[in-house]
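Right, one structure below, let's go through it.
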Amino acid sequence: MNKIELLAPAGDLERLKTAILFGADAVFIGGKQFSLRSRASNFDLATIQEAVNFAHQHNSRVHVTVNMIPHQDDLEGLDEYLIALDAIGVDAIIVASVYILKRAKALTKNFEIHISTQYSITNSKTIQFYKKLGADRVVLARENSLSELKLLKEHSSLPLEVFIHGGMCVNYSGRCTLSNYMTLRDANRGGCAQSCRWNYEIFDQKTTISDEKVLFSMSSKDLNAIDVLPDLIKMGIASLKIEGRMKTEYYIATIVSAYRRAIDDLYKGSLTSDAVVLAAKRELLNAENRETFSGFYLSQPNRSGHLYGVNGANVNQNFVAKVLNYDATTNLATLEIRNHFSKGDRLEVFGPTLKPTSFVSQKMINSDNEITHRFFKPMEVVLLEVPFVVNEGDFVRKSLL
Ligand code: SF4
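So for the sequence shown, our numbering puts the first residue at 3; every next one is plus one.
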């Protein structure tokens with residue numbers, strides 16, 4: 003039985019490396035052209051080449067999104083771009099246009115072609131249709147329930163990819179023009195301003211039926227599918243996708259390592275499914291900055307899956323420092339500070355080779371080489387006594403326990 007793929011997002015090369023080192027089997031990135039989020043992308047062709055080299059050295063894969071819904075004047079340079087991606091050695095491209103799929107089939111021979119969730123695939127006949135056109139995988143709509151996924155798996159011969167974590171659209175994934183209307187930014191060409199999360203006043207003819215105290219928004223809670231992870235593995239889904247190319251390095255590290263450990267533990271079978279899910283749930287909380295729910299998997303979303311009147315995004319201040327170095331003779335770790343913490347705070351360190359391990363902060367030395375009781379300056383390089391070996395690139399966070 004092939005092990006299920008854990009697929010993580012990366013907005014730049016640093017986050018790509020973090021995702022891979024923390025356990026992603028594959029990473030999806032957007033180039034500067036033909037991609038949703040292309041506006042925010044740091045991946046030009048040279049950087050995509052670096053990303054592919056790094057991923058392949060670590061037995062990981064790179065999928066490149068070519069998933070905008072192209073208008074007539076968006077197509078210039080498409081052939082050259084596809085040929086360049088093929089030559090670089092990317093493992094897959096993700097498309098949301100039959101024309102781009104056909105050009106890729108005609109011009110390239112090395113990468114797989116995956117059908118984007120933008121196509122909202124919810125039935126096996128559609129999967130069959132894209133298979134005939136040459137697709138190698140489909141990314142299903144987020145709007146499928148678990149029982150629908152089982153049927154799709156039974157009746158489809160293409161590998162299936164599903165979302166397990168991250169942002170949801172309150173409209174049909176991406177098929178929404180709210181942002182176009184409110185900000186002139188096209189959600190399907192990478193410009194969504196998340197206008198659904200704004201606060202609105204509601205009018206009935208000329209009467210305001212909500213006032214500033216009862217503002218309305220249409221925001222969905224974020225997806226968290228950890229409860230159905232054992233089911234997704236059992237039914238033979240090929241790939242589990244985490245959303246969030248705009249998310250931070252800390253978020254990526256936390257979410258990827260939580261799912262990595264849960265997947266590995268489920269395959270090993272040494273713990274019950276319930277125990278694995280419970281441990282992962284606790285771990286995922288460390289990076290949560292919006293409320294989450296199980297999306298469409300367990301039931302049709304209702305009021306409890308929405309956020310009314312609030313954007314819901316809180317700043318997560320759990321991440322306090324990144325490890326730059328460790329001196330085993332003095333037990334002093336060199337840290338780069340991200341958020342404040344004090345002497346006596348319970349902290350945890352976790353990394354690619356270190357399970358979350360906690361300790362209480364004691365000896366603290368600031369950048370002026372003075373003993374202190376509090377670190378609070380972002381990016382200050384300091385020393386902290388840590389009673390076990392930590393490594394460059396490990397993350398330090400406040401313990402939730
Ligand atoms: S405005 Fe909201 S619902 Fe519309 S595409 Fe953006 S995130 Fe999705």
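Glycine included, each C-beta is placed from N, C-alpha and C at the ideal position.
Residue i versus residue j: straight-line alpha-carbon distance, rounded
| i | j | result |
| --- | --- | --- |
| I6 | I239 | 7 angstroms |
| I71 | L217 | 33 angstroms |
| T409 | D329 | Since the displayed the chain opens at 3 and closes at 403, residue 409 lies outside it and no answer follows. |
| L153 | S147 | 10 angstroms |
| N368 | C178 | 50 angstroms |
| Y83 | E350 | 44 angstroms |
| L225 | G169 | 6 angstroms |
| S360 | D188 | 45 angstroms |
| K357 | I235 | 23 angstroms |
| Y183 | G192 | 14 angstroms |
| K345 | F390 | 17 angstroms |
| E78 | G32 | 17 angstroms |
| H73 | N190 | 10 angstroms |
| E52 | D81 | 22 angstroms |
| E150 | T124 | 8 angstroms |
| T250 | E163 | 23 angstroms |
| G13 | M248 | 6 angstroms |
| E382 | T374 | 13 angstroms |
| L18 | A137 | 25 angstroms |
| F397 | Q35 | 33 angstroms |
| L47 | L87 | 8 angstroms |
| G176 | A195 | 12 angstroms |
| R139 | N341 | 41 angstroms |
| N327 | A89 | 38 angstroms |
| A282 | N288 | 10 angstroms |
| L302 | I96 | Note on residue identity: the sequence assigns Gln, not Leu, to residue 302. Answer to the nearest angstrom: the Cα atoms are 27 angstroms apart. |
| K379 | F343 | 10 angstroms |
| V107 | S401 | The amino acid occupying residue 107 in the given sequence is Lys; Val does not appear at that position. Their backbone Cα atoms lie some 50 angstroms apart in a straight line. |
| C171 | R292 | 14 angstroms |
Assigned secondary structure, residue i (DSSP; H/G/I helix, E/B strand, else coil)
| i | result |
| --- | --- |
| E245 | coil |
| I96 | strand |
| E251 | helix |
| G307 | helix |
| P72 | coil |
| V392 | coil |
| T294 | strand |
| T355 | coil |
| I239 | coil |
| I416 | As displayed, the chain neither begins before 3 nor continues past 403, which places residue 416 out of reach and without an answer. |
| T256 | helix |
| T119 | helix |
| P232 | helix |
| A282 | helix |
| L225 | strand |
| R340 | coil |
| E82 | helix |
For residue i, the residue or residues it bridges with in DSSP
| i | result |
| --- | --- |
| Y202 | F218 |
| A335 | Y328, L386 |
| M366 | L386 |
| R1 | No answer is possible for residue 1: the residues shown for the chain start at 3 and end at 403. |
| F45 | G33 |
| F24 | DSSP output for F24 lists no bridge partner at all. |
| K321 | Per the sequence shown, residue 321 should be read as Phe rather than Lys. DSSP, once it has assigned bridges, lists R399 as partnering F321. |
| R17 | DSSP lists no partner for R17. |
| V54 | Answer by DSSP bridge pairing: none, since V54 is not bridged. |
| H65 | F30, A94 |
| L8 | L242 |
| V209 | Here residue 209 is Thr; the residue named in the question, Val, does not match the sequence. The partner list for T209 (beta bridge, DSSP) reads D206. |
Anything with a beta carbon under 6 angstroms from a heavy atom of the ligand SF4 counts; list them all in chain order.
C171, V172, N173, G176, C178, L180, S181, A189, C194, Q196, S197, C198
In the region 124-198, which residue ranges form an unbroken alpha helix (DSSP H) of at least 4 residues, counting only runs that do not cross its ends?
126-134, 148-157, 180-185
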